[in-house]
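First the structure, in the form of structure tokens, and then the observations on it.
Numbering (the working numbering), first residue to last: 24 to 155.
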């Protein structure tokens, strides 16, 4: 199954918050199977801006380097992904950035790795791998 990691899931791992071991296991599994997790470029941008805002440019650059070592493929937003994200936003109370993770999961028939409770509103449409 294709796995999609959202910003929340990646930040849990990077900050070693509760549940980071689960995310770490997804990374180990992806490496062993030589199958990367997917992340929408919008969700990467969300991680980047949070680190930039809270810790500054140097730390944001360092985190970007770390992310590049992880088994994550960053997927650029195209029209199909943007349309699917817009459908989620139009019909659910969920942040716009989270809609891209959900859309990626729907288009790839995958599951979103997250602990973000906003995803509860779309559990009927997208499989969620809860980390906390």
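We treat Cβ as the ideally placed atom computed from N, Cα and C, and that holds for glycine. Keep in mind the model is a prediction, meaning the values are calculated, not measured.
- Residue 63 carries a strand assignment under DSSP once its states are collapsed to helix, strand and coil.
- Remark: C-beta atoms of residue 100 and residue 65 approach each other more closely than 9 Å.
- Taking every protein chain shown into account, the CB of residue 69 has 16 or more other CB atoms within 10 angstroms, so this residue is buried.
- Here residue 138 is near residue 155, since their CB atoms are less than 9 Å apart.
- Each residue's CA atom was taken as its position, placing residue 71 and residue 98 some 15 Å apart.
- Within the segment 74-126, the complete beta strand (DSSP E) segments at least 3 residues long are 95-98, listed from N- to C-terminus.
- According to the DSSP assignment, residue 151 belongs to the beta strand (DSSP E) that extends over 150-153.
- Distances from the alpha-carbon of residue 143 to those of 129, 127, 116 and 132 put 116 closest.
- The residue from 57, 83, 58 and 134 with its alpha-carbon nearest to that of residue 38 is 83.
- In the structure shown, residue 134 falls within a strand segment according to DSSP collapsed to helix, strand and coil.
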